[in-house]
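Here the structure is laid out as structure tokens; the discussion comes afterwards.
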Amino acid sequence: MKELKEYKEMISKCSKCGNCQYYCPTFKVSRIEPFVARGRIELVSAALDGRIEEFSDLFMKRMNQCLLCGNCSQFCPPGVEAEKIITAMREECVAQKGVTGVLKNVKDSVAAVGNITGDAPANRMLWLENMAEPLKGLKVNEPAEYAYLAGCVPTLYPSSYSIPQAFVTILSNAGVSFTLLGAEEICCGYPLLMGGMREEAKIAALKNINKLKELGIKKVVTTCPSCYHMWKDYYPELVETDEPIEVVHASVLLQELTNKNELQFNEKKLVVTYHDPCDLGRKSGIFDAPREILTSIPGVELREMKFNRLSAMCCGGGGNLEMNDAELSSQVAQERIKQAINTGATILVTSCQQCKRTLQNAARQMRARIKIMELNEMVKENLRN
Numbered sequence: 037m038k039e040l041k042e043y044k045e046m047i048s049k050c051s052k053c054g055n056c057q058y059y060c061p062t063f064k065v066s067r068i069e070p071f072v073a074r075g076r077i078e079l080v081s082a083a084l085d086g087r088i089e090e091f092s093d094l095f096m097k098r099m100n101q102c103l104l105c106g107n108c109s110q111f112c113p114p115g116v117e118a119e120k121i122i123t124a125m126r127e128e129c130v131a132q133k134g135v136t137g138v139l140k141n142v143k144d145s146v147a148a149v150g151n152i153t154g155d156a157p158a159n160r161m162l163w164l165e166n167m168a169e170p171l172k173g174l175k176v177n178e179p180a181e182y183a184y185l186a187g188c189v190p191t192l193y194p195s196s197y198s199i200p201q202a203f204v205t206i207l208s209n210a211g212v213s214f215t216l217l218g219a220e221e222i223c224c225g226y227p228l229l230m231g232g233m234r235e236e237a238k239i240a241a242l243k244n245i246n247k248l249k250e251l252g253i254k255k256v257v258t259t260c261p262s263c264y265h266m267w268k269d270y271y272p273e274l275v276e277t278d279e280p281i282e283v284v285h286a287s288v289l290l291q292e293l294t295n296k297n298e299l300q301f302n303e304k305k306l307v308v309t310y311h312d313p314c315d316l317g318r319k320s321g322i323f324d325a326p327r328e329i330l331t332s333i334p335g336v337e338l339r340e341m342k343f344n345r346l347s348a349m350c351c352g353g354g355g356n357l358e359m360n361d362a363e364l365s366s367q368v369a370q371e372r373i374k375q376a377i378n379t380g381a382t383i384l385v386t387s388c389q390q391c392k393r394t395l396q397n398a399a400r401q402m403r404a405r406i407k408i409m410e411l412n413e414m415v416k417e418n419l420r421n
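Start counting at 1 in the sequence shown, then tack on 36, and there's your number in the numbering used here.
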């Protein structure tokens, strides 16, 4: 437990004030102590002190029911970073007990075929083959200014195909030089890292970096906030390289194109609200770009939810929670949908494919009359031809 012991001082700073209860999405829907940072930290402390069995099935289940959203840490008076403590404990659980359940399937799939679903690598191109209006001249595994890394969910879940389809259409129309990696793109490793599998995540990172070196590409653009966060904040920690790769999130690139008048929009009277993905907003500091893009569409009125920007509530799909506890994930997502409905918006826009999936599923279960869109879909739909 070497890494965990390094957090012992931070653990001791928890004053048990309960401030985290107000911000924790899983506590909001459960109202029980093991589902909030204070309770989880006490469990870790008890495990370190030998007061409880640290690797019991129930203990590991509780560690895996955290979204790792970081909301509690932003507003913790003594500055305890609960998500870092929980992630370290997940690593220790894996070291002691191995990987089990759905996460073992994910680990094995990434090792065997480079993605989280177990699909054949060639299936990563199905979203492109299914475009209603095929684009001519798209590069695949060729030198370009940017490598567009679409991620596992957008390329392998048919309900998310529209996200990379929209983004490549926008880039092509704006004349941006980019290449796809196609069947040779592999998982960024973020689900592995958040699942306590640091070594496996490091292997994925090394493969991705080496692939870009082969193509001579030094810039990455991605529509996935988790891929962005992983490449920007964790790759430098996992893999030493003398040739740093610049990582750009799609929303920032779209903002630049909009400011240069490369993207122009039709007027449309719409009331929208925006959901900040945890990995893009709280963890990466990108709050303004998506909002500026939305408000640059003539006629769009942006209404903020009560919890927004730094305090934005997780969609329920973070921290591998959807894989570990689908019911809890759904409850969190439904709470977020209620917050969106309270704004009076007819469209909820987000900049993340996972957020879109979980929120869309929740809206369907609730029979809520609100449309869920990803930012690139919104941009493409309102582009002036």
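Heads up, the beta-carbon is just placed ideally off N, CA and C, and yes, glycines get one too.
Item, Value
"Where do the N-terminal and C-terminal ends of the alpha helix (DSSP H) with V415 fall, by residue?", "411–418"
"Would a C-beta distance cut-off of 9 Å place T379 and E410 closer than the cut-off?", "no"
"List the endpoints of the continuous alpha helix (DSSP H) containing V130.", "118–133"
"Among the residues of its own chain, which have a CB less than 7 Å from the CB of Y270, if the five just before and after it don't count?", "L229"
"Closer than 8 Å: is that where the CB of E298 sits relative to any heavy atom of the ligand FMN?", "Here there are no bound small molecules, and the ligand FMN is not part of this structure."
"So, under 8 Å CB-CB, V176 and L216 are touching, yes? Tell me the CB distance rounded to an integer number of Å.", "5 Å"
"Give me, in chain order, the residues of the same chain whose beta-carbon lies closer than 7 Å to that of S365; leave out the 5 immediate sequence neighbours on both sides.", "G352, G353, L357, E358, T394"
"Using a Cβ-Cβ cut-off of 7 Å (strictly less than) and excluding sequence neighbours within five positions of I121, which residues of its own chain qualify?", "Y43, M46, I47, I77, V80"
"So the candidates are Q201, M96, E220, N151; which of them puts its Cα closest to the Cα of V130?", "M96"
"Within 9 Å (strictly less), CB to CB, does G154 reach chain B?", "Absent from the structure: chain B. Only one protein chain is present."
"DSSP on K49, reduced to helix/strand/coil?", "coil"
"Please state the DSSP three-state secondary structure of L103.", "coil"
"Nearest-angstrom Cα distance between G134 and K319?", "28 Å"
"Which partner residues does T386 have in the DSSP bridge list?", "H311, E410"
"Exposed or buried, what is E178 when buried is set at 16 or more other beta-carbons lying within 10 Å of its beta-carbon?", "exposed"
"For K175, does the three-state DSSP call read helix, strand or coil?", "strand"
"Tell me the start and end of each unbroken beta strand (DSSP E) in the stretch 183–266 that is at least 3 residues and wholly inside, in chain order.", "214–216, 255–258"
"How about P157 and N166: are their beta carbons less than 9 Å apart?", "no"
"Check whether the stretch 376–390 and the stretch 297–310 touch, using three or more Cβ-Cβ pairs below 8 Å as the test.", "yes"
"Which residue's Cα is closest to the Cα of P227: Q390, Y59, T294, M414?", "Q390"
"Around the Cβ of I68, are there at least 16 other Cβ atoms within 10 angstroms (buried) or fewer (exposed)?", "exposed"
"Do M161 and A240 count as a contact pair if the criterion is CB distance below 9 Å?", "no"
"How many angstroms separate the CA atom of E89 from the CA atom of A82?", "9 Å"
"Mind checking whether L185 and C314 have CB atoms under 9 Å apart?", "no"
"Using 10 angstroms around the beta-carbon of K304, count the other beta-carbons present and answer buried if the total reaches 16, otherwise exposed.", "exposed"
"Here's a check: name, in chain order, each residue in its chain whose Cβ is nearer than 8 Å to the Cβ of K64, leaving out the five neighbours to either side.", "M349, V368, E371"
"Does the separation of the CB atoms of H285 and A325 fall below 9 Å?", "yes"
"Is it the case that the Cβ atoms of V212 and L242 are separated by a distance below 9 Å?", "no"
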